[in-house]
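Protein chains in written order, with this note's numbering: chain A, 3 to 247; chain B, 58 to 812. The beta carbon of each residue, even a glycine, is placed where N, CA and C say it ideally should be.
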Amino acid sequence: MRHCKLISIILVMLIFGVNVSVAQNADSLLQYMDNLMSAPKDKQATVKMILTNKSGKEKVREAMMKQKGKDKKLYRYTKPESQAGISTLSLPDDVMWLYMPAFGKPTKVSLLSQSQTFTGTDFSYEDMESKSYSERYSPTLFESGDAENYVLKLIPISKKSKYSRIVLYLNKTHFYPVKMEYYDNRGNYFKVATYRYTKQGKYWYAEEVLMTDLKKSHSTGILMTDVKFDQGLSDDEFRVENLKQ
Amino acid sequence: MKDFTEKILAYKWLIIILVTICTILFGYQIKNLSIDADILSSLPDNDPDAALLKRISEKFGGNSMGVVILETDDIYQTEVLEHVKSITDTISDIEGISTVTSLTNIINIKGQEYGFEIGKLVDEYELPETPEEFEKLKDDVLANEMYKGSIVSEDGTATLIIFTLQDGSDVRAIAKSVIDKTTALNLPKKLYYIGSPMLVTYISDLMKGDLTRLLPIAFLLIAIILLLSFRSASGVILPLLTAVIAIIWSLGIMSLLGYKMSMISNNIPIILLAIGSAYTIHVLNRINQLRITDRDNAIKLALAYVMIPVMLAALTTIIGFISFIFGAYLDMIVDFGIFTALGTFLACLFSIFFVPALLDVFTSKKRNKALFFKKIKKSYLSENFLSPLRILLFKHPKYVLTTWSVLILISLVGTFFIKRSVDIQEYFKKGNPTREAERIMVEKFGGTKPIFVLFKGDMQSPDVLKTMIETGAYMEKSPDIYTTQSIADLIAELNAAVTGEKRVPDEQEKIEQLWFLLDGNEVVQRFVSEDLDEGIIISKFKSPDNSSKKAFANYMKAFIDKHSTESCQIEITGMPFVDITMDRSLLNSQFGSISIAIIFVVIFVGLILRSLSSGIYSAIPIIAAIIILFGVMGLTGISLNIATVLVASVALGIGIDYSIHIISHFNHTYQITGNAKIAIEDSIMISGKAIIINVISVSAGFLILIFSEMVPLQYFGFLIALSMLGSSLGALTLLPVILILVHRKKNNDHFNLNQ
């Protein structure tokens, strides 16, 4: 009897132990990706957004982007001309300030709904959130035949997420995301993002991201050019008062 | 003529084989025949209102919008919101659904002291629970023009879940899926479905139901009547067979030519069954009659005699149907006219070629068997109805004439009370869920009839947007407009969120920058074109009343004339505007088709019988019957609508046959005997019998439509039967009385002598 008990304890420990080790593995993989993404102290780039609707018609927007740490982000739009000068400043705790030059003063925007899409793109506010993936999702590692990528299943921690899960393909060598497949609350695969990462200096960054909403046949491409890292951007750049330029 | 009939018999096998092959081929085509229950697609492109309505529906997607209505005592309850959420989720899940908008997923942009918040009107993950939370939600709903009366009724007892379909998706499959899946949720609240995709699907289901339910009943009923009249298998089989073949050919040709079944043409089978069998009845009747005296040549002789009257009868019926082509507003009525005319033509052809060919094949086999023929039984009909009638007519022709005159006078008065109706709500029976849904929409959401005001101009120009706001406010002053929505309202709402002022900004720059917040929002596509050079005000019209529609059209015209400019061109359209034209065209097409039909019928009958007076005489009973028909409609309140507008011409086409039989019989006998009295008596006694059998079988076929799910078709069936009764009575009483009075004057001797 004691024998049995011992065996079962060992068995439980074994199973439990194995589980823990896999979970840790998935966690650390996601952590690696977060680290890679948030490695630069600051980042500055020209961002081109190409919105393509189902009839193939394109809309192009361009903005100057500045980022410091992971939760201070400034976009200053330059194109289209009618929206030039519009700026958005994202600050910690889901605070966003919007500056529209024609109105003369910045307005604070509270985002109550994370699932809403960000002004015409296929990205939701949730996708653009400053919190790291490890903070937002609990990962499990999939056994897959994919030789180049780890396949991780991410389950949102927040009940308010629009997603039931995200399947993440993570490059085995450099730990950058290659593809993310999004599943809605009812388990339907409805959105996919593909990434093209490149290395500049010591940092990897997504040179191109293509997010496609499969149901709406609408896609948003984001291209980054003139990327500069660690320019020593001051906190002043991210002050509300400085939105007005 | 005899040569011709001989040829028919000589080629009997060829005829039988040809008909059989074609029937199989056309029958095979029917499976491709699809149903199109969309009224919008039947609207003519040459009516500017209809054309604009179609264009706007296509461009801004109004035609692909379906609605689920949830009605309860108070929607501001957590449980109800949970239901709304589960319906919203269920519909979003259906393949082919593009967007779903409801109380639980709608976006709310709201001004705050420090700026504004973008969020959901209701947090679907933390639904409101406390009275305070619901109070706040209620305030949010009522404060926003885009929600109040559009998503939630002002009294808070009903809410809408609005969905749009992806382009090119299978409307009926999706609509069914929406109904099935939301019903499967088993919610305690009653759900209703409305909007073009749901309506179109519902109507086509009704149509299919009508066809599969009513056609067999009509078939059976006509078979029974034929059996009672002919008391022989061929007497039942042959008329029905010709009708069925005519139906198969017509529907097959319809399908081959790419036409679709409409709400009206759905009844082609029942109508053809009723009238298509009539021609064979005449041919058979005459063959049976001649077989008694000359068995071997009966078919040839009968054909030679009956061909002309049968063709004439078919021709007049065809004229009745063809007359719809002129002056009909809806394409589906034109299609109906064309294919019933074709079917009638085919049924007539089959009765002349196919039926004799078949009979010849059959009788040659049986020739040795039947040597004796049954004596004609003294008919119950002749003894108890036709004989007393004949006596009455000759004794009191003036009384009969007076009775008819009084009837016609009363009916003429009745015609002034005829109502017209183009309201789709009246198509469904009372208590029908669609009618209920319509009621809720009218009572709580300002109606279902869409109104669109199209603005051509720069959709980011303050002037254009301000004109839109002004137009919307002007429209809302009309008692029949509940709310209006446009991009200008959205811009004003956004401006309020940013600056606190709910109005369109004065500077274009500001509008362009507010647009940044709207970009990509699906709602925007319902209001402005992609190039931002066109935008619409969406509204709904409440009253089904035609005079309200006209008043509103004039009210709006005054405004548009004043405010439409080069840089901001305004046009208005919508179902109420189409209704006005449709209503006007109901009258026009009614008068147009009847007068065309009467003129052609008189000319044709006159030409073929070689006497204009015969043509005119034969038209009298049917004109009387039509006046009575309109009188009954006026006095009983049956309205003139897209189905009942067809009755008069169809009745004319079929009903004149009775007069033709009487008058040609009279002419024939009068020529031989030279005695008008004998000729009249003969006509009543012999042709009268055939007429009565014919009226009963045709009316029975049409009366089946009383069991239709569509109200206009119920009336259509009833009114045709009524007109058949009227025209046959006219042919059996009014026409003989006129003949008696005319000939008594000319030739008093005959009448006195025989008396």
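Residues bridged to residue i (per DSSP)
| i | result |
| --- | --- |
| Y205 of chain A | A:Q202 |
| L511 of chain B | B:I593 and B:E628 |
| A215 of chain B | B:E128 |
| K50 of chain A | A:E64 and A:L225 |
| G176 of chain B | B:N165 |
| L284 of chain B | Its beta-bridge partners do not exist; DSSP assigns none. |
| S112 of chain A | A:V97 and B:E174 |
| H220 of chain A | A:D215 |
| P141 of chain A | A:L156 |
| R560 of chain B | According to DSSP, R560 of chain B bridges with nothing at all. |
Residue i and residue j closer than 8 angstroms at C-beta
| i | j | result |
| --- | --- | --- |
| K56 of chain A | S219 of chain A | yes |
| L160 of chain B | L138 of chain B | yes |
| R477 of chain B | N645 of chain B | no |
| A778 of chain B | G377 of chain B | no |
| W99 of chain A | L245 of chain A | yes |
| Y77 of chain A | Q85 of chain A | no |
| K163 of chain B | I175 of chain B | Rather than Lys, the amino acid found at residue 163 of chain B in this sequence is Ile. No, the Cβ-Cβ distance between I163 of chain B and I175 of chain B is not below 8 angstroms. |
| M51 of chain A | I224 of chain A | yes |
| L244 of chain B | T147 of chain B | no |
| I88 of chain A | F173 of chain B | no |
| I719 of chain B | L798 of chain B | no |
| I231 of chain B | G153 of chain B | yes |
| T397 of chain B | I328 of chain B | yes |
| M368 of chain B | T221 of chain B | no |
| V125 of chain B | Y250 of chain B | yes |
| Y191 of chain A | Y199 of chain A | no |
| K45 of chain A | V229 of chain A | yes |
| I92 of chain B | M364 of chain B | no |
| I36 of chain B | I593 of chain B | Outside the displayed span of chain B (58 to 812) sits residue 36 of chain B, for which this structure offers no information. |
Contact belief for residue i with residue j at Cβ below 8 angstroms, rounded distance in angstroms
| i | j | result |
| --- | --- | --- |
| S132 of chain A | P94 of chain A | 7 angstroms |
| T222 of chain A | F125 of chain A | 6 angstroms |
| G252 of chain B | D131 of chain B | That pair is no contact at about 24 angstroms. |
| M632 of chain B | K506 of chain B | 4 angstroms |
| V76 of chain B | I302 of chain B | 7 angstroms |
| K75 of chain A | L235 of chain A | Actually they are not in contact, since the Cβ atoms of K75 of chain A and L235 of chain A sit about 11 angstroms apart, beyond 8 angstroms. |
| I87 of chain B | L308 of chain B | 5 angstroms |
| G333 of chain B | A300 of chain B | 4 angstroms |
| F381 of chain B | S706 of chain B | 6 angstroms |
| M742 of chain B | R447 of chain B | 7 angstroms |
| V257 of chain B | A94 of chain B | 5 angstroms |
| N187 of chain A | K201 of chain A | Contact doesn't hold; Cβ gap of about 36 angstroms is too wide. |
| G783 of chain B | L686 of chain B | 7 angstroms |
| Y386 of chain B | P101 of chain B | 6 angstroms |
| I390 of chain B | I637 of chain B | Going by Cβ atoms, the distance from I390 of chain B to I637 of chain B rounds to 18 angstroms, so no, they are not a contact pair. |
Closest Cα partner of residue i within the set the options
| i | options | result |
| --- | --- | --- |
| K619 of chain B | B:L446, B:S535, B:T528 and B:S706 | B:T528 |
| Y437 of chain B | B:L664, B:G745 and B:F451 | B:G745 |
| G168 of chain B | B:T622, B:T156 and B:D197 | B:D197 |
| G394 of chain B | B:A331, B:K452 and B:I321 | B:I321 |
| V580 of chain B | B:L547, B:A230, B:D227 and B:R667 | B:L547 |
| R270 of chain B | B:P769, B:L791 and B:I763 | B:I763 |
| I695 of chain B | B:T472, B:A200 and B:P454 | B:T472 |
| S112 of chain A | A:S92, A:F105, A:M102 and A:D129 | A:S92 |
| F117 of chain B | B:G400, B:V141 and B:I544 | B:I544 |
| K162 of chain A | B:D180, B:S155 and B:D227 | B:D180 |
| L154 of chain A | A:L170, A:G58 and A:S134 | A:L170 |
| K40 of chain B | B:F83, B:L109 and B:T216 | Since the first residue shown for chain B is 58 and the last is 812, residue 40 of chain B is missing from the structure and cannot be characterised. |
| A530 of chain B | B:T541, B:T240, B:D537 and B:L522 | B:T541 |
| I304 of chain B | B:I282, B:L199 and B:L330 | B:L330 |
| K72 of chain A | A:G58, A:K81, A:D96 and A:T54 | A:D96 |
| K217 of chain A | B:V228, B:V235, B:D224 and B:I711 | B:D224 |
| A615 of chain B | B:E628, B:S624 and B:E623 | B:E628 |
Any beta strand (DSSP E) of 3 or more consecutive residues that is wholly inside the region 144-203 of chain A: Secondary structure in the region 144-203 of chain A: the beta strand (DSSP E) runs of 3 residues or longer, each lying completely within the stretch, are 151-158, 165-173, 179-186 and 191-202 in chain order.
Contained alpha helix (DSSP H) runs [length at least 4] in the region 294-368 of chain B, N- to C-terminal order: DSSP assignment within the region 294-368 of chain B yields the following whole alpha helix (DSSP H) runs of 4 residues or more, N-terminal first: 325-348.
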